[in-house]
Amino acid sequence: MTTTADTPQTPEATAPSQGKPGGGLRGRLDSLPKPVRWAVLALLVAGAYLLPYAADVPVLGPQLVTEGIDWASALFNVSYFVLLALGLNVVVGFAGLLDLGYVGFYAVGAYTVALLASGDSVFGTKWTWLATIPIAIAIALFSGLILGWPTLRLRGDYLAIVTLGFAEIIRITADSTPDFLRGDQGFTGIPHPPGTFSDGTPVFGVRDATPYFWLGVTIIIIVVLALRNLERSRVGRSWLAIREDEEAAEVMGVRTVKYKLWAFAIGACVGGLGGVLFAGQNGFVNSAMFQLQLSILVLAGVVMGGSGNMAGAILGGALISYIPDRLRGTQILDRDAYEYRYLLFGVIIILIMIFRPQGLIPSRRRALELKDRAREVAPQ
Amino acid sequence: MSEPHTESTEWDDETSRQRVDEPIPTTIGVPHERSSAGAGPAPVPGGAALLEVDNVTLRFGGVTALDGVSFTIRQGEIFGLIGPNGAGKTTCFNAMTGIYRPTDGEIRFTGKRVTGLRKYEITSMGIARTFQNIRLFPEMTALENVMVGADAHHKTSVLGALFRLPRHRREEAQGREKSLRLLEFVGIRHRAGHVARNLSYGEQRRLEIARALATDPKLLCLDEPAAGFNPAEKEDLLQLIRRVRDTGVTVLLIEHDMRLVMGVTDRIAVLEFGRKIAEGTPAEVRDDPKVIAAYLGVPADAA
Amino acid sequence: MNFSNLFSQFGELTVTGLAQGAIIALFALGYTLVYGVLRLINFAHSEVFTVGAFTAVLTWGAFGLDQDSRTPGLGGFVGYLLIGLLVAAAASAATAVVIELVAYRPLRRRNAPPLAFLITAIGASIAISEFVGVLTHRNNKGVPRLLTQEPVFRIADGRVTNLQILIVVVALAMMIGLDFFINRTRLGRGIRAVSQNPDSAALMGVNKNRVISLVFLLGGLMAGVAAIMYLLKIGNVRYDNGLYLGVEAFSAAVLGGIGNLRGALLGGFVLGVFENYVSGLFGTQWHSVGAFVLLVVLLMFRPTGLLGESLGRARA
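First to last, the protein sequences are chains V, Y and R. FYI, the numbering for the first sequence is 0 to 379, going by numbering that gives the first Met the number 0. FYI, the numbering for the second sequence is 0 to 302, going by numbering that gives the first Met the number 0. FYI, the numbering for the third sequence is 0 to 315, going by numbering that gives the first Met the number 0.
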């Protein structure tokens, strides 16, 4: 082992948050000096903001953009799926709690916006989109606590079924309360985010989804920064410890129920934020949008990207949205390929779990582990 | 630091009650000066009681795993709990650290009841443990494993971490510093950045001790820490245990290996079939006919 | 809330609830059997049911029966029922065994963590149900009317139909058969041995993999029979019916005490009846909400279910 020997005097050299050179993309990125690393990240972020113009890139661009749905809308879809995957990754990836009802929080976020801002709402408050955000997040967080409080004391494998039940209760409630959550009929006229150009046209209109995508990317960056702070703290360590060995964690002084609740609540906040974003763009919310399968799709994204690491969650979340959208318009057996998305991702979940359980982007720790193994195989 | 224990020949009420048929005086290791900080009146002369196991019985269904076991661990000593396989050592251990709840009886730590507390509460009172079958957090680095232990006494939580408040950063830096020191202390500082799973068996055992020490325990409970070690490694471990004690931490050692126990402990309690059959200094226990019988006639120090 | 509705139809709701509960109980056995041996929630068990149901509908279709064909006579009914039971049980059992082989066995070989099994199970579940969904264009599929439902007798104000009697009798018969198999036969002893202590069972010469396959097969058989009862009762089927009924069946298994065969039976009946009362009180769309609330409340106060987890090993 040489890495620590290189700089034995600085604790940072061995600090987990610094990562270490290793195989794969992640390893290569981590091995770069700090300024270079920041430059690469800045480029990635800039690239994300420029994605709407991908079609103008010669050769590659036309391959990348979607055909069955306009490119900006497809990108916007990616942005809220990435948010959902990031949130679910906190619950499943960090804390190791299987939440099968994650869409429930997404629904809570979207419905809160609808109830407070849509003209169809019984409340008739007609708030602006912006004003609903804190309330929506607070209610999502609260619903996470309500669900977690009784259930997180249960044995881990019951949690899956209870969370699934929670999401179903929300969907059924939405379906069965024509006066309150308006079932299939839904809420129309949900206001868009604020802002107008100098000529008076709104920034967030109905034609072009590009500004919504930029808004989505911005929210994602804020969420990633916040989650990164948590991941590299006592909170993140507690989550991982719970995931690895709950009893040992508690014996080491981790207040397991408290931190599991936090994982739930934070995951719920991010999911709710996804709902807020979606409602603000779509302008319409109804009960058909929150099917059980959607929770499983997001789970597929987290698992596929690499459970427990945010780069993986971002990639996975993007893929579960992008691949079906890219396939839209392609006919397979007389059906639009988009129809097959759940089937496709169901199969992908199985294949990933059997052949590459660490996902497409292994977590930093996984990378460390694999590198150590490689070293054992090929001694220096 | 020199061996701090001198011998005295006072009666141990606790022990004599258990062994009415065998009124052999037991000796008591006199603990450190600093150990007098303990709360509550000492029930036995010679040292403040740190952990009192008081008539503890534990049943699983029809099986009685512990039957009225009592002993007292005093501050500053290395206390051994031994017995043949299935004697109830680990069960007793688990009862002390909150994994099992005694059916009857009580466990007190610095005079306060431990029975019925949650595991993390027991940890914050100052009892730390290692596991017989190593239970690290395998995919976290060695440093992170220790930091989880150090976090036990930290105050910041989600908000502090989210906004990187000054207290959070201070605690984070202190925790890291302390954890690296502890890794140094157990001798695996150079492995800090490696995931626990990839550490060698011996390193994992040491890491567990470092992680437990990070919770600032008054009492460190080691559950068969030498299992699977070769003689040289065992010798290193003995050194480590002594060094731990020399920092002022009381040690409870559960062991199978009599030689190891005899070499390092100040006092020993012997369990057989869930009952305590003897208690005393290593020399006394070694010569106790009941103990010899329990180990199937083989002299306790097979060496 | 409609209390007068609940009271005026109390007998009716109870009787239909028992019939519904019998189906749920049969379905629940698969969860309980697998959990008893593997400590695994086999999420894909719901699709074992779905495959059985659609195979039966297709088979009846091959005999020229569809939802518009005339109801056959008693002989025809018995014949078609037996054919349906056979193909559904066979298809379900085969599906269950294949799921075990493809999705779980590779993970077991690798000693994967429990979460990995759950996630794989969900993948398998969604893949199969979507496969059926795509094949059937996500439409309701009508089921031939094999039996004219008519009341046979009344208990209090509740009419009891011939179909309800059939469902409860078949469910009880399957249950008794299974109980006998597990408790009285050599293969059954193997199952009990593995469920109590997999390691020592292996030492005693029990082939663990064979026992596991057997358990999946038995659960599949029960789900296949449940599927036929469901088709007779409901009269149509959709690709995602299994998914939703599966959640109820799993709840029933947990309610009774997962890993405990008699618990699954009790749990099924309790859940079926309770759901029906909720339907009577609030409206049918709320019945599964009632099931979930019952489950959560029960788990909070009695985490091992009504009858405890007796088939499973004692937990320290």
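Backbone N, C-alpha and C define an ideal beta-carbon position, used for all residues, glycine too. Predicted model, so just to flag it, every value in this text is computed and none were measured.
Next on the checklist: Tell me which residues share the same chain as Tyr79 (chain R) and place their Cβ nearer than 8 Å to its Cβ, disregarding the 5 neighbours each side in the sequence.
Outcome noted: Trp59, Phe62, Leu64, Pro71, Pro143, Leu145
Next on the checklist: With a threshold of 8 Å on Cβ separation, who are the neighbours of Leu177 (chain R) within its own chain once the five nearest residues in sequence on each side are excluded?
Outcome noted: Leu28, Leu217, Met221, Leu260
Next on the checklist: Please give the ranges of any alpha helix (DSSP H) in the region 252-307 of chain V, keeping only runs that are unbroken, at least 4 residues long and fully inside the region.
Outcome noted: 255-281, 291-304
Next on the checklist: With a threshold of 8 Å between beta carbons, is Phe249 (chain R) in contact with chain V?
Outcome noted: yes
Checklist entry - Gly234 (chain R): which of R:Phe42, R:Ala55, R:Asn182 sits nearest, CA to CA? => result R:Ala55
Item to check | Residues of the region 266-284 of chain R whose Cβ lies closer than 8 Å to any Cβ of chain V, in chain order | outcome: Gly282, Gln284
Checklist entry - Candidates Y:Leu270, Y:Arg274, Y:Arg241, Y:Glu271: which alpha carbon is nearest Val327 (chain Y)'s? => result It is not possible to answer for residue 327 (chain Y), since the shown part of chain Y is limited to 0 through 302.
Checklist entry - Which whole-angstrom value is the C-beta distance of Ala225 (chain R) and Ile22 (chain R), which I expect to be below 8 Å? => result 5 Å
Item to check | Close-in-space but distant-in-sequence residues of the same chain around Ile348 (chain V) (CB under 7 Å, 5 per side omitted) | outcome: Ala299, Val302
Checklist entry - Should His44 (chain R) go down as buried or exposed, given a rule of 16 or more other Cβ atoms within 10 Å for buried? => result buried
Item to check | Arg128 (chain R) to Val39 (chain V) span [Cα, whole Å] | outcome: Looking at the sequence itself, residue 128 (chain R) is Ser, so the reference to Arg does not match. Rounded to whole angstroms, Ser128 (chain R) to Val39 (chain V) spans 43 Å at the Cα level.
Item to check | Whole-angstrom C-beta distance between Ser294 (chain V) and Tyr101 (chain V), which should lie under 8 Å | outcome: 5 Å
Item to check | Thr264 (chain Y) - DSSP class collapsed to helix/strand/coil | outcome: coil
Item to check | Local Cβ density within 10 Å of Asp156 (chain R), reported as buried at 16 or more and exposed below that | outcome: exposed
Checklist entry - Mind checking His136 (chain R): buried by the 16 CB within 10 Å criterion, or exposed? => result exposed
Checklist entry - Helix, strand or coil: how does DSSP classify Glu76 (chain Y) here? => result coil
Checklist entry - Between the region 11-29 of chain R and chain V, which residues of the former have CB atoms less than 8 Å from a CB of the latter, in chain order? => result none
Item to check | Buried or exposed (CB count within 10 angstroms, at least 16 for buried), Pro323 (chain V) | outcome: buried
Next on the checklist: One question on the structure: do Val52 (chain Y) and Phe78 (chain Y) come within less than 8 Å of each other, judged by their Cβ atoms?
Outcome noted: no
Checklist entry - In terms of alpha-carbon separation, which member of R:Val151, R:Ile82, R:Pro112, R:Ile125 lies closest to Gly245 (chain R)? => result R:Ile125
Checklist entry - Under the rule that 16 or more other beta-carbon atoms within 10 Å means buried, what is Pro356 (chain V), buried or exposed? => result buried
Next on the checklist: For Gly223 (chain R) and Ala92 (chain R), which I take to be in contact (beta-carbon distance under 8 Å), what is that distance rounded to the nearest angstrom?
Outcome noted: 6 Å
Checklist entry - Hey, does Val157 (chain Y) have any beta-carbon neighbour from chain V nearer than 8 Å? => result yes
Item to check | Selection from R:Ala201, R:Ala248, R:Phe281 that minimises the alpha carbon distance to Val319 (chain R) | outcome: The displayed coordinates of chain R run from 0 to 315. Any statement about residue 319 (chain R) would go beyond what the structure contains.
Next on the checklist: Counting only C-beta atoms, is Pro149 (chain V) closer than 8 Å to chain R at any point?
Outcome noted: yes
Checklist entry - Along the chain, where does the alpha helix (DSSP H) that runs through Val44 (chain V) open and close? => result 33-49
Checklist entry - With contact counted as at least three CB pairs below 8 Å, one residue from each stretch, are the region 113-126 of chain Y and the region 169-188 of chain Y in contact? => result no
Item to check | Sufficient close CB pairs (3 or more, under 8 Å) joining the region 191-198 of chain V to the region 50-57 of chain V | outcome: no
Next on the checklist: Using the Cβ count rule (16 or more neighbours within 10 Å means buried), how would you classify Asp222 (chain Y)?
Outcome noted: buried
Next on the checklist: Buried or exposed for Asp265 (chain Y), going by 16 or more other Cβ atoms inside 10 Å?
Outcome noted: buried
Checklist entry - First and last residue of the beta strand (DSSP E) that includes Lys233 (chain Y)? => result From DSSP, Lys233 (chain Y) is part of no beta strand (DSSP E) but of the alpha helix (DSSP H) over 230-245.
Checklist entry - Among the residues of its own chain, which have a CB less than 6 Å from the CB of Gly132 (chain R), if the five just before and after it don't count? => result Tyr238
Item to check | Min CB distance Gly300 (chain V) to chain R below 8 Å | outcome: no
Checklist entry - Relative to the alpha-carbon of Tyr14 (chain R), which residue among R:Leu306, R:Gly307, R:Glu274, R:Val295 has its alpha-carbon at the smallest distance? => result First, the residue type needs correcting, since residue 14 (chain R) is Val and not Tyr in the sequence shown. Taking only the C-alpha atoms, the option nearest Val14 (chain R) is R:Glu274.
Checklist entry - Would you report the Cα separation of Glu249 (chain V) and Ile241 (chain V), rounded to the nearest angstrom? => result 8 Å
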